[in-house]
Amino acid sequence: MRKLLEYLNRPAPRGNFFSRSVNAAPFQIIVCLLITGVVVTAAVNEYATNKYLNVGYTPDQPVAFDHSFHAGPDSVLGLDCRYCHNFVEKSGHSNVPTTNTCWNCHSQVKPDSPALALVKKSIETGEAIRWVKVHKVPDYVYFNHSVHVNRGVSCVECHGRIDQQAIVGQQKSLNMSFCLDCHRNPEQALRPLDKITDLAYKAADQTATGTKFVHDWKVNPPQSCSGCHR
Amino acid sequence: MSRYLSFLAVAVIAMISFLGFQGKKSKDTPVYVFDDMDYQSKYKAQGENVFFKDGRDARPPVAGTVARGNALEPDKVFAADYHRAESLNPSFVTGKDAKGAFLVGFPSKALKVLAGGELEQFNIDAKTLALGQAKFQIYCAVCHGAAGDGNGIMKVRSSIDGDVAILTIANLHTPVIRAYPNGQIFDVITNGKVTMMGYGDKLSPEERWAVVAYVRALQLSQNCPADLVPAAVKAQIK
Chain L
0 MRKLLEYLNR PAPRGNFFSR SVNAAPFQII VCLLITGVVV TAAVNEYATN
50 KYLNVGYTPD QPVAFDHSFH AGPDSVLGLD CRYCHNFVEK SGHSNVPTTN
100 TCWNCHSQVK PDSPALALVK KSIETGEAIR WVKVHKVPDY VYFNHSVHVN
150 RGVSCVECHG RIDQQAIVGQ QKSLNMSFCL DCHRNPEQAL RPLDKITDLA
200 YKAADQTATG TKFVHDWKVN PPQSCSGCHR
Chain X
0 MSRYLSFLAV AVIAMISFLG FQGKKSKDTP VYVFDDMDYQ SKYKAQGENV
50 FFKDGRDARP PVAGTVARGN ALEPDKVFAA DYHRAESLNP SFVTGKDAKG
100 AFLVGFPSKA LKVLAGGELE QFNIDAKTLA LGQAKFQIYC AVCHGAAGDG
150 NGIMKVRSSI DGDVAILTIA NLHTPVIRAY PNGQIFDVIT NGKVTMMGYG
200 DKLSPEERWA VVAYVRALQL SQNCPADLVP AAVKAQIK
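Residue numbers (numbering that gives the first Met the number 0), protein chains in the order written: chain L, 0 to 229; chain X, 0 to 237.
Next up, the structure:
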């Protein structure tokens with residue numbers, strides 16, 4: 000580098016209008032532009048996608064519901080996801096549970112706890128609890144939960160290990176390439192239907208079992224625009 | 000050049016210390032760089048709505064009205080010969096016969112109207128039992144236990160926490176409950192009983208009947224006459 004610069008800054012044979020250092024300028028400009036280009040590309044790649052903008056979004060909820068205590072086989076209570084999100088197999092929209100669902104147990108367990116004050120108020124007045132939506136896709140994306148869970152795609156594929164989170168945050172980017180990765184290689188995500196809510200499940204040979212499910216269930220995920228957009 | 004590069008290095012360090020890396024936890028609402036049509040002013044499932052007093056997109060049915068169906072099947076709902084399936088076969092959704100007594104057995108017809116106008120047959124087979132088992136393990140086992148003996152996690156926890164009210168969790172193998180007609184078990188699942196709240200909003204009528212069938216299977220498993228046990232299993236037990 001130094002030698003190159005010395006060569007470029009070598010004395011001119013005759014007197015020159017520009018200073019000698021200008022000889023190196025084109026080279027220096029190109030190097031600076033290249034480095035700047037690399038930095039800008041890296042910054043855009045790191046910051047300008049959902050992987051930075053959305054992943055990690057962990058808002059406070061009006062009621063501090065702890066999934067890691069309630070849900071999943073390793074939790075204290077071991078509830079199945081569908082005890083509360085009970086329409087996930089039937090509806091395109093996976094519901095946030097009604098207050099009734101909380102009250103199935105909490106009418107008996109700690110009904111007067113200050114942590115449950117809002118739930119109690121909701122039961123008494125019918126007022127909705129304003130849960131904060133964490134996992135969002137744009138409004139022109141029509142994601143259907145029931146289609147996915149009834150074809151062997153587990154909650155964990157898009158939501159991550161919710162059963163280990165005290166406060167739910169977004170763990171996957173949920174952008175279009177995230178969807179398409181799976182729609183192009185569905186065998187990497189399919190599992191037996193009775194393991195859908197077992198978030199810790201790992202197949203011994205995912206490619207082999209997944210490929211079998213793709214064949215048996217005639218799984219053919221759409222890759223055209225109208226598959227998800229209307 | 001070296002001046003520019005050191006400026007760039009400082010800028011990169013400043014950017015990283017300010018913005019962090021991917022996956023950083025944040026309570027702030029995500030930024031949408033290009034939010035074209037990401038947010039559309041339309042009614043969404045469980046969405047918020049400033050127009051209505053209760054703030055909900057979802058509207059409760061008008062008092063005194065009966066739902067005919069949903070927007071997914073408008074042709075059927077508005078057909079001249081439409082009959083509400085529930086009115087064709089009320090026993091299937093109430094668990095009671097025409098006189099108001101609980102059904103002893105299972106209803107023979109389901110709710111689905113077949114092409115000829117006939118109601119679909121409702122059979123108790125291995126598929127029904129598997130459905131009942133799946134639903135029982137999600138919704139019922141929490142309190143009643145996977146074996147139906149009333150020792151679910153709710154009872155375990157409440158004995159740790161000292162919540163006495165949970166002592167009302169029923170053991171499904173008591174003679175009283177074994178003597179219930181099927182329709183009464185269906186009714187308890189639908190509407191609840193004592194401290195148990197109803198599960199009619201969570202389980203469809205078909206699923207509730209499937210759970211009844213599975214409860215019957217559980218009861219048989221805990222009170223099985225010796226002559227019903229297959230010889231091979233009997234040998235294992237001995």
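Even for Gly, the Cβ is constructed at its ideal location relative to N, Cα and C.
Rounded to the nearest whole angstrom, the C-alpha separation of X:Y42 and X:N48 is 8 Å. Using a Cβ-Cβ cut-off of 7 Å, X:I152 is close to L76, G77 of chain L, given in chain order. L:Q107 is bridged by DSSP to nothing; it lacks a bridge partner. What X:F135 touches in chain L, judged by beta-carbon distance under 9 Å, is nothing: the nearest beta carbon there is about 11 Å away. For the pair of segments examined, the segment 68-85 of chain L was found not to touch the segment 166-178 of chain L: the number of CB pairs separated by less than 8 Å stays below three. In terms of beta-carbon proximity, X:V92 stays away from the interface with chain L, with every pair separated by 8 Å or more.
The C-beta of X:V9 has fewer than 16 other C-beta atoms within 10 Å across all chains shown, which makes the residue exposed. Here the segment 177-186 of chain L makes no contact with the segment 65-84 of chain L; the two share fewer than three CB pairs at distances below 8 Å. Put simply, the CB of L:L52 is near chain X, with a gap under 8 Å to one of its CB atoms. Annotated as distal: X:G151 and X:L171, with beta-carbon spacing of 8 Å or more. Taking C-beta atoms as the reference points, X:E85 and X:L113 fail to come closer than 8 Å.
Between L:S145 and L:K89, the beta carbon gap of about 6 Å places them in contact (Cβ cut-off 8 Å). Looking at X:V141, X:V30, X:V92, the one whose alpha-carbon comes closest to that of X:W208 is X:V92.
Residue nearest to X:G131 within the set X:A145, X:I12, X:A70, X:I159 is X:A145 (criterion: CA-CA distance).
Taking L:Q60 as the centre and dropping the five residues before and after it, the same chain places the C-beta of W130, V131, I166, V167 closer than 8 Å to its C-beta, in chain order. If you ignore the 5 residues before and after L:Q163, its C-beta comes within less than 7 Å of the C-beta of S67, all in its own chain and listed in chain order. Between L:Y56 and L:V148, the gap from beta carbon to beta carbon reaches 8 Å or more. Any Cβ of chain L closer than 8 Å to the Cβ of X:Y42 would place that residue at the interface, and such an atom is absent. Taking 8 Å as the cut-off, the beta carbon of L:V155 is found no closer than this to the beta carbon of L:L192. Counting along the chain, X:K75 sits inside the alpha helix (DSSP H) bounded by residues 73-76.
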